[in-house]
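Notes follow the structure.
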Ligand SMILES: Cc1ncc(C[n+]2csc(CCOP(=O)(O)OP(=O)(O)O)c2C)c(N)n1
Ligand SMILES: Cc1ncc(C[n+]2csc(CCOP(=O)(O)OP(=O)(O)O)c2C)c(N)n1
Ligand SMILES: [Mg+2]
Ligand SMILES: [Mg+2]
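Chains as they are written, first to last, in the working numbering: chain A, 1 to 324; chain B, 325 to 648; chain C, 649 to 1020; chain D, 1021 to 1392.
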């Protein structure tokens, strides 16, 4: 088993899928000879030719729109959006079209595509190279939304997304691209798209997180442990459809909950977690359900380390609900 | 004081603003000679000329993009998007541009525009003439999101939105366009963009709602009253920025909460209300916080009356939290 | 063809300009009958809407030649990415008025399971008639993707993407034509310039000299054709499809015609369409024009129109009877087809809806338990 | 001008083709100095990035003539809607390297208050240089809106909207040019065709014969100009601006040039730019070309370049010193300017951030209490 970074695991997943299924194609801006701005698609054009991995015009609307047509006519397109911040020109194609095609055609036309895109802060990218837009897509029935936090999951979830018969938005935490490493099996394997992952067991406080916030929460959990608080850290990994049973069970386990994400708080994904708990197990809650999130402002540049939730803020919240 | 329908109140607000400020312009698809598909802009081209109320090419991206340029150069554009379902081609202009211009320019360029658009179901419009997309925009710092439910508020909130120095998305409940009537003062007045409205006082169960759900909840409250449950019905009316203090106060009043909206539940606006309460006053809650919403599916056509929350579903939820 | 000169075949008197395409009589009559079928379907739907039996329809009078002419150039193995005004293309290829009427009623037999508004058809047989979407223009670039799959598999099929003059301002038009140019896609783009986007005339849509000329921006030929001349439309579409099949890339066709009715049953065109203009185009009726051609071929004389039209009306009338007696979709159709399999949260919402309907004695629930 | 023939004024040897624009010597030298200033600013920023003192920069070598030529045609009352590569336009109009360097450092004196990445400038004085956005193309249609305001107020100003070859595929390009055509907007669209969109050459961007020819799709003139000829760019921009001011509507200019560096400091162009091509364009250096013209006018001979360039480097070096000694933005800048006034929920989040910073002894918090 090789030890890979998260971005290498993504690259490995793409190669694995392309080797086994000739209908799998990869395209987007700069994914061809350059291999993608983060090198996720490095070597694909060389190995599979320019009919299977190629650059497109600078139009996210076009990239996703064309992917929908390919998907509905028998191919398995994997579209790359260079930064999640630049997905919005394709919002109409994703939300109005890809997400609704199966439904509106009574199941006669389907849309099995994957959109991969790096999201999140930590690279001093300012307003437009740092955003976490998962909540926009999670409010869209018909889509699946997946975010890995480990190399193993990155490969297994991406292969499962490629197998999936419905459109999947695959958000890659760019802050983790090269900062996490892990063992990744060779060849094909998949990680189910509907179960959360327990990243750390604990009985004191349940911490829900995903993507780049997972290592942050695990660090905070170490520090909490030093203070005698055992955190139960849950990596949600598939946000839609969410493993609601798993979420409720994990919350009941401790009765104290902190929800963490980078995106702005207001109407963010964390609100949904709080709401599910407030609706299904409020009587188990022994403390307020606290959210630690990005602020309700655009993403700044120089001060991004103050904007992004860090272990200090998570620990603060953990202590708060613990001592409540 | 005249008795007007909600759509007449919108028309009245537009005329009032255009009469007092020559910088106010109205444009969009079919807003000119036709007066808009719902007649919101009826008579404007005739009274103010085609430099001030005019049709555009069929491009929402263009409509909002051009409005941003006008707004930042001294005009007060009011753009109509024919149906909220068709706002998504403009999503990038709204979310990446209008919402972030003041911030990213350090306050040197601003974007005081209004986007008006009818939203919601009830006209047998199927997937694409029925959607309620407020949550997409409420997750976007820099925007304001306003939804009236009475003719009085429609005029007062719209005039306040036109006065506002920041971009406002003004969502009009099309189901109420002609079905509600009310007294509307002549001339200028404004309704503050940061306070909720108590639509009905009560001490039993607090019901949060907005737009077309307000009359539905009031009907349910009547029926609940007949069963001895007094509902406190809150019309949120400005969703962003939200009157959080008011929300928390209203919830504490009864300790039992139902949140109602037409949009799909998952990551919808209702989740934010639940989360605010779970974070700020969970110990006051005597029952689960229950959401009554559209389903997590696209909007159907023939069966839309099953999809949209109605007084039966609201009443069910009210009884549920009451009896808990 | 430069994109500004208009190609036509049938002169106003029915004589042929240039080379007669020499179609077999039964093909000519199938074209003719389809045009009348569109008209009959249209007339019946307008009446159904006026009497409150269906909610909405989209009139086609005036534009039948464009739709039917383009459809006549296609093979069954090609794909159509239609606009909501493209009744005629489906009818030409053998979709029955009954199948279509189910969609007009959004009943349980509707291909779209009552989820879409009327006229938003979706068929896979006998030709791929892609699910119609309301948002304008999105399908134009999707058509290019579908065509990529054909290229990739080395099929000799092609795609017809049809849209209106208003559609040229959309995002999908720009990205669709641009991608198709770069990819040399086997796509024919058909811009049906009926001169209106609801109430907006072309003067408020674009400043370009024609719609066909926009092809230049994407490195493909642009062809302007008389959209009221069914054989001319068929001819240019056929030639464009041949180019496409040969790997020579896409073509933009502008069919110049006129929408004789309102935009939809919700629209009052008298507010914005000049009467004189309407009267002028009334004289250019595409059915009459084609009849003159057929007459010169001795294939037509009255009362053939009356006879065929009556047959069409009967056929559509029967469709109405069948559609009206078909029950509405079952409650479960709200919850299915969101995904290939129903996820837990949607299943739970479905169950709650079933419980409520059962409790309140609601018919749509059917059996009572959520079956998915 | 047809959109496919290329206009130029200065021949490779510095002689004038056609009519000399006869600019005053100090204007010519200001143009020259600005080109060198861009080059100096560029060189310094590249080094700062390589040594880890700033995070990012965008090289401009090769494209200075296009930027400076276009800027030279503008009046101070016009607006610029720039792309991130348009250093030179700001410098030409008198924005100082120090103001710009603050943005490169994202410090407390940065006009954008340290919120944007480097090179995303925003200035209102001495010319309206609109806040640069990362998303490609969005500003093109915004420029048309700003121009509408000028028309509406009957001002004789105009707007320059500048973007790259890649930008022509964006949504804002399509809607921007389309709206401008219909509105006859006083806008000049400047497509800087530097032949690359990051690593993507024009052959993967569009199939059209040129970028200028895309103007036809929008009913406006398209002009192709030699982008390495500063006076030719100035000339065509000036003429287009005059048309705009006269109410004759917009123009699309394509300036044909070549990006000699990488896309940005994060890019390695050797992976995709053919060496031969680079060598070929090296010979067409726009600064050298302009020097030959100036030499013929007796305005230039060595060591003038060395002297001016050294001055520019000094000036930029001073800017670096000032920028480096300027403290980072205060913590409150995260929370201000989201709205004109800070709403309650943001105020509360700001207060929490201040409390945390104060508790953990964090410098950025300043005084400690949230001041807004
Ligand atoms: C993105 C979008 N914006 C607005 C609408 C509302 N709308 C429906 S049809 C129409 C006009 C379309 O005109 P055209 O493309 O010329 O087609 P035609 O109806 O004339 O066949 C408009 C504006 C829509 N469906 N989609
Ligand atoms: C909407 C969007 N998609 C993708 C990107 C990423 N990106 C940044 S610059 C660039 C290439 C731009 O090329 P061009 O327009 O030719 O300008 P140039 O850099 O050559 O000046 C891309 C793809 C972006 N900024 N915005
Ligand atoms: Mg039309
Ligand atoms: Mg370029």
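Ideal Cβ positions, reconstructed from N, Cα and C, are used throughout, including at glycine.
| said: At 3 residues or longer, what runs of the beta strand (DSSP E) sit wholly inside the segment 1219 to 1268 of chain D? | reply: 1242 to 1246
| said: Considering just the uninterrupted stretch of the alpha helix (DSSP H) at residue 642/B, what are its terminal residues? | reply: To locate residue 642/B, count along the second chain from 1; it is residue 318. It spans 635 to 647 - the alpha helix (DSSP H) in which residue 642/B sits, taken as one unbroken run.
| query | Is the Cβ-Cβ distance between residue 1104/D and residue 1078/D less than 7 Å? | reply | The residue given as residue 1104/D occupies position 84 in the fourth chain. The residue given as residue 1078/D occupies position 58 in the fourth chain. A contact, by the Cβ cut-off of 7 Å.
| said: Taking 8 Å as the limit between beta carbons, can you name the residues of its chain near residue 1116/D, skipping five residues before and five after? | reply: Looking up residue 1116/D in the fourth chain gives position 96. Contacts found: 1339.
| With C-beta atoms as the reference, is residue 776/C less than 7 Å away from residue 727/C? | On the third chain, residue 776/C is found 128 positions in, with the first residue counted as 1. On the third chain, residue 727/C is found 79 positions in, with the first residue counted as 1. Closer than 7 Å, so yes.
| Taking the DSSP output, what are the residues bridged to residue 1212/D? | Reading the fourth chain from its first residue, position 192 is the one you call residue 1212/D. Its beta-bridge partners are 1184/D, 1275/D.
| query | Which class does residue 200/A belong to by DSSP, given the choice of helix, strand or coil? | reply | As a working note, residue 200/A is residue 200 in the first chain. The answer is strand: DSSP assigns residue 200/A an E or B state.
| Going along chain C in order, which residues have a C-beta closer than 8 Å to the C-beta of residue 449/B? | For the purposes of this step, residue 449/B is taken as the residue at position 125 of the second chain. Chain C residues near residue 449/B: 765.
| request: Would you check whether ligand 2 has a heavy atom nearer than 6 Å to the C-beta of residue 1153/D? | output: Locating residue 1153/D in the fourth chain gives position 133, counting from the first residue. The answer is no for residue 1153/D.
| Exposed or buried, what is residue 648/B when buried is set at 16 or more other beta-carbons lying within 10 Å of its beta-carbon? | Here the question's residue 648/B lines up with position 324 in the second chain. Exposed: under 16 other Cβ atoms inside 10 Å.
| Does the Cβ of residue 608/B lie closer than 6 Å to at least one heavy atom of ligand 4? | The residue labelled residue 608/B in the question sits at position 284 within the second chain. No, since every heavy atom of ligand 4 falls outside the 6 Å radius drawn around the Cβ of residue 608/B.
| Meets three-Cβ-pair contact criterion under 8 Å: the segment 1151 to 1166 of chain D and the segment 417 to 436 of chain B | yes
| request: With DSSP collapsed to three states, give me the class of residue 210/A. | output: Here the question's residue 210/A lines up with position 210 in the first chain. Of the three classes helix, strand and coil, the one that applies to residue 210/A here is coil, per DSSP.
| Should residue 814/C be listed as close to ligand 3, given that the test is whether its C-beta is under 6 Å from any heavy atom? | Taking the third chain and counting its residues from 1, one reaches residue 814/C at position 166. Yes, since a heavy atom of ligand 3 falls inside the 6 Å radius drawn around the Cβ of residue 814/C.
| message | Going by beta-carbon coordinates alone, are residue 593/C and residue 620/B separated by less than 7 Å? | response | The requested residue 593/C is not part of the displayed model; chain C covers only 649 to 1020.
| task | In angstroms with no decimal places, state the Cα-to-Cα distance between residue 145/A and residue 169/A. | result | By 1-based counting over the first chain, the position of residue 145/A is 145. By 1-based counting over the first chain, the position of residue 169/A is 169. So the two alpha carbons sit approximately 5 Å from each other.
| said: Could you check whether the Cβ of residue 382/B sits closer than 6 Å to any heavy atom belonging to ligand 1? | reply: Residue mapping note: residue 382/B aligns to position 58 of the second chain, counting from 1. True, at least one ligand heavy atom lies under 6 Å from that Cβ.
| task | Confirm the yes/no value for this check: CB of residue 1203/D, any heavy atom of ligand 4, distance under 6 Å. | result | Working through the fourth chain from its first residue, we reach residue 1203/D at position 183. No, Cβ of residue 1203/D sits at least 6 Å from all heavy atoms of ligand 4.
| Straight-line CA distance for residue 215/A to residue 798/C? | Working through the first chain from its first residue, we reach residue 215/A at position 215. Working through the third chain from its first residue, we reach residue 798/C at position 150. Here the alpha carbon of residue 215/A sits roughly 45 Å from the alpha carbon of residue 798/C.
| task | At 3 residues or longer, and completely inside the segment 541 to 610 of chain B: list those beta strand (DSSP E) runs for me, N to C. | result | 555 to 559, 562 to 564, 581 to 588
| What residues in the segment 561 to 577 of chain B have a beta carbon less than 8 Å from any beta carbon of chain D? | 565, 566, 568, 569
| Boundaries (first-last residue) of the alpha helix (DSSP H) holding residue 1301/D | On the fourth chain, residue 1301/D is found 281 positions in, with the first residue counted as 1. Boundaries of the alpha helix (DSSP H) harbouring residue 1301/D: 1295 to 1302, taken from the DSSP string.
| What number of angstroms, rounded off, separates the C-alpha of residue 919/C from the C-alpha of residue 850/C? | On the third chain, residue 919/C is found 271 positions in, with the first residue counted as 1. On the third chain, residue 850/C is found 202 positions in, with the first residue counted as 1. Their backbone Cα atoms lie some 17 Å apart in a straight line.
| task | List the residues of chain B that residue 1199/D touches, going by C-beta distances under 9 Å, in chain order. | result | Within the fourth chain, residue 1199/D is the residue found at index 179, counting from 1. Within chain B, the residues near residue 1199/D are 380, 381, 383, 386, 387, 389, 390.
| task | Would you list the one or two residues that DSSP bridges to residue 76/A? | result | Residue 76/A sits at position 76 when you count from the first residue of the first chain. According to DSSP, which records beta bridges pairwise, residue 76/A is partnered with 24/A.
| query | Cβ of residue 86/A versus every heavy atom of ligand 2: is any distance shorter than 6 Å? | reply | Within the first chain, residue 86/A is the residue found at index 86, counting from 1. Within the cutoff, so yes.
| field | Residue-chain proximity (residue 424/B, chain A), Cβ-Cβ < 7 Å | value | Walking along the second chain from the start, residue 424/B turns up at place 100. Yes, residue 424/B lies at the interface with chain A (some Cβ there is under 7 Å from its Cβ).
| query | Between which two residues does the beta strand (DSSP E) containing residue 496/B stretch? | reply | The residue given as residue 496/B occupies position 172 in the second chain. First-last of the beta strand (DSSP E) with residue 496/B: 492 to 497.
| said: Using a Cβ-Cβ distance cut-off of 7 Å, determine whether residue 633/B contacts chain A. | reply: Locating residue 633/B in the second chain gives position 309, counting from the first residue. Not closer than 7 Å to any Cβ of chain A, the Cβ of residue 633/B fails to qualify, so no.
| request: Pick helix, strand or coil for residue 379/B, following the three-state DSSP scheme. | output: Counted from its first residue, the second chain places residue 379/B at position 55. Looking at residue 379/B - three-state DSSP - the assignment turns out to be strand.
| Going by the C-beta, is residue 943/C closer than 6 Å to any heavy atom of ligand 1? | If you number the third chain from 1, residue 943/C lands on position 295. No; taking the cut-off as 6 Å, the Cβ of residue 943/C has no heavy atom of ligand 1 nearer than that.
| request: Anything in chain D within Cβ reach of residue 864/C, meaning under 8 Å, just list it in chain order. | output: On the third chain, residue 864/C is found 216 positions in, with the first residue counted as 1. Per Cβ cutoff of 8 Å: 1228, 1229, 1233, 1234, 1236, 1237.
| query | Rounded to a whole number of angstroms, what is the C-alpha to C-alpha distance between residue 832/C and residue 1189/D? | reply | Translated into positions along the third chain, residue 832/C becomes position 184. Translated into positions along the fourth chain, residue 1189/D becomes position 169. When rounded, the distance between both Cα atoms is 16 Å.
| field | Reference residue 1200/D; option with closest CA among 541/B, 389/B, 528/B | value | Along the fourth chain, one-based indexing puts residue 1200/D at 180. For the residues 541/B, 389/B, 528/B, the minimum Cα distance to residue 1200/D belongs to 389/B.
| Nearest to residue 644/B by CA position, among 548/B, 467/B, 476/B, 537/B, is which residue? | Locating residue 644/B in the second chain gives position 320, counting from the first residue. Closest in alpha carbon position to residue 644/B, among 548/B, 467/B, 476/B, 537/B, is 548/B.
| Whether residue 534/B touches residue 600/B by CB criterion (7 Å) | As a first step, residue 534/B must be located in the second chain, where it is residue number 210. As a first step, residue 600/B must be located in the second chain, where it is residue number 276. For residue 534/B and residue 600/B, no; Cβs fall outside 7 Å.
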